[in-house]
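Here is the structure we will look at.
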Amino acid sequence: MSEQIMTPPEVVEYPAGKIVALNVTADDYMRDYAADYHEWVRGCVIKMSPVSNTHDEYDGYLYLLLKAYFAHNPIGVVKKAPFVMRLDAVGSRREPDLQIILKDNPGELTETAMIGAADICIEIVSQESVARDYGDKFAEYEAAGVREYWLFDPIRQATHFHRLNEDGHYKEQQPDEDGYYST
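Counting along the sequence shown from 1, when you hit position 170 you're at 170 in our numbering, and nothing is skipped either side.
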């Protein structure tokens, strides 16, 4: 009698969130899903959760603040979801709540996407996005070279500012002795 060797099925690691389609090309994602608050990770299309009042207030405040800053200091721009950030290095198309792209960024800013890593990505954490924002996006943004990743977490009443260190890993920034953060 011959011995049968059983091999485990290939383990597929899906991104966090509500997956609405599989095996979707990046081009199909841009055509069919990007404008409607979806993200794309290695062929999976993820539907973003509806925005809450709290999320909308944080997002609106930060957007207006950053828009005003760049109006007076024209060193970059701020974009808000559903503007796509194309991270080919990690196989994803993400729509950060806000992304800051400085003029000296080596990527390409097009009409519909930032091709390459934004300089700063800002996420406002919701109940549904905890695993995605603290896990998947943290790892992807770090690996793709997003220089700073800011998390505003109204649920936990916490704010986290991460900056890439010289080894290419995020280090959480601490306020100075007066309680201020710098970027």
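A virtual CB, placed ideally from N, CA and C, is assigned to each residue, including glycine.
Where residue i falls, given that 16 or more other Cβ within 10 Å makes a residue buried
i, result
"Ser-126", "buried"
"Ile-100", "buried"
"Ile-19", "exposed"
"Asp-167", "exposed"
"Ala-89", "exposed"
"Lys-137", "buried"
"His-72", "exposed"
"Lys-103", "exposed"
"Ala-68", "exposed"
"Pro-15", "buried"
Candidates the options, of which the one nearest residue i by Cα
i, options, result
"Phe-152", "Gly-179, Asp-178 and Leu-62", "Leu-62"
"Tyr-170", "Glu-39, Pro-106 and Tyr-149", "Tyr-149"
"Leu-87", "Asp-59, Val-78, Ala-117 and Pro-74", "Ala-117"
"Val-78", "Asp-97, Tyr-134 and Thr-159", "Asp-97"
"Ile-155", "Ile-124, Asn-165 and Arg-163", "Ile-124"
"Thr-112", "Asp-28, Leu-66, Ala-158 and Ala-34", "Ala-34"
Supposed close pair residue i, residue j - CB separation, criterion 8 Å
i, j, result
"Val-41", "Ala-21", "No, Val-41 and Ala-21 are not in contact; Cβ-Cβ is about 11 Å, not under 8 Å."
"Phe-70", "Gly-76", "6 Å"
Proximal residues to residue i (C-beta, below 6 Å), its chain only, five neighbours per side dropped
i, result
"Gly-17", "Ile-46 and Arg-132"
"His-38", "Val-45 and Lys-47"
Cut-off 7 Å between Cβ atoms - residues of its own chain near residue i, not counting five sequence neighbours on either side
i, result
"Ala-26", "Trp-40 and Arg-93"
"Thr-7", "Here Thr-7 scores only 49 on pLDDT, less than 50, and its place in the model should not be relied on; the value that follows carries that caveat. Contacts found: none."
"Tyr-58", "Ile-124, Phe-152 and Pro-154"
Chain C within 8 Å of residue i, Cβ atoms only
i, result
"Phe-152", "Absent from the structure is chain C; it holds one protein chain and no more."
Cutoff 8 Å; reference residue i; Cβ partners in own chain excluding five residues on either side
i, result
"Asp-195", "The structure shown does not extend to residue 195, since the chain spans only 1 to 183, so no value can be given for it."
- Item | Whole alpha helix (DSSP H) elements within the region 34-105, 4-residue minimum | Qualifying alpha helix (DSSP H) stretches, in chain order: 53-72.
- Continuous beta strand (DSSP E) assignments of at least 3 residues falling wholly in the region 100-163: As far as the region 100-163 is concerned, its whole beta strand (DSSP E) runs of at least 3 residues are 113-115, 120-124 and 148-153.
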